[in-house]
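Let me begin by presenting the structure, written as structure tokens, before commenting on it.
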Amino acid sequence: MVYTRFSSLFLALHPFWSAVGYARAEKPVKFVERQVKGLMFDCRMCGQCILSSTGMSCPMNCPKQLRNGPCGGVRANGNCEVEPDMPCVWVKAWEGAQAMRNRQAILDVQKPVDQSLRESSAWLRVTAQAARERENLRSSTA
Ligand code: SF4
474 MVYTRFSSLF LALHPFWSAV GYARAEKPVK FVERQVKGLM FDCRMCGQCI LSSTGMSCPM
534 NCPKQLRNGP CGGVRANGNC EVEPDMPCVW VKAWEGAQAM RNRQAILDVQ KPVDQSLRES
594 SAWLRVTAQA ARERENLRSS TA
């Protein structure tokens, strides 16, 4: 819910991002994104955020950086095979997903991490893509 509202707000600001220039907005937005998501989700700035599909548990904190579910080493107490004191991010993801409106999203198959997108703003990328899709839809129905 909060995530949906936030992404809608960012999309509503598309005219502003366009006027400023997405490239010019990248640095300040990335700074804010890093602070906010770092604090809230221990974000590693992979640049291709899938928090909305993973119950707001960041998969980049998995020591194996698995993006499609846990490995076979989850401990009986739900902790990580590699970091025994750390809860498995995928156990947390499953729990988190149950509380989300789109709880089936966790079953979506994720692409491998594109390392070239590291240290870039996922917020701006998702917004630019959503704006493009919206414009394409408008022009195809006009
Ligand atoms: S999935 Fe990527 S962008 Fe999203 S919180 Fe994790 S590291 Fe950050």
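For what it's worth, the numbering used here labels the leading residue of the sequence shown as 474, then goes sequentially.
Even for Gly, the Cβ is constructed at its ideal location relative to N, Cα and C.
None of these values were measured; they are calculated from a predicted model.
Reduced DSSP secondary structure (H/G/I, E/B, other) of Asn541: coil
Comparing the CB of Ile523 with every heavy atom of ligand 1, is any distance shorter than 6 angstroms?
yes
Pop quiz: Val562 and Pro585 are said to be a contact at Cβ under 8 angstroms. What is the actual Cβ separation, rounded to whole angstroms?
Here Val562 is actually not in contact with Pro585; their C-beta atoms are around 17 angstroms apart, not less than 8 angstroms.
Burial state of Phe483, where buried means 16 or more other Cβ atoms lie within 10 Å: buried
Would you tell me roughly how many angstroms separate the C-alpha atoms of Arg507 and Cys516, rounded to the nearest one? Cα to Cα, Arg507 sits roughly 7 angstroms from Cys516.
Determine the direct distance from the alpha carbon of Gly551 to that of Ala603, and round the result to whole angstroms. 36 angstroms
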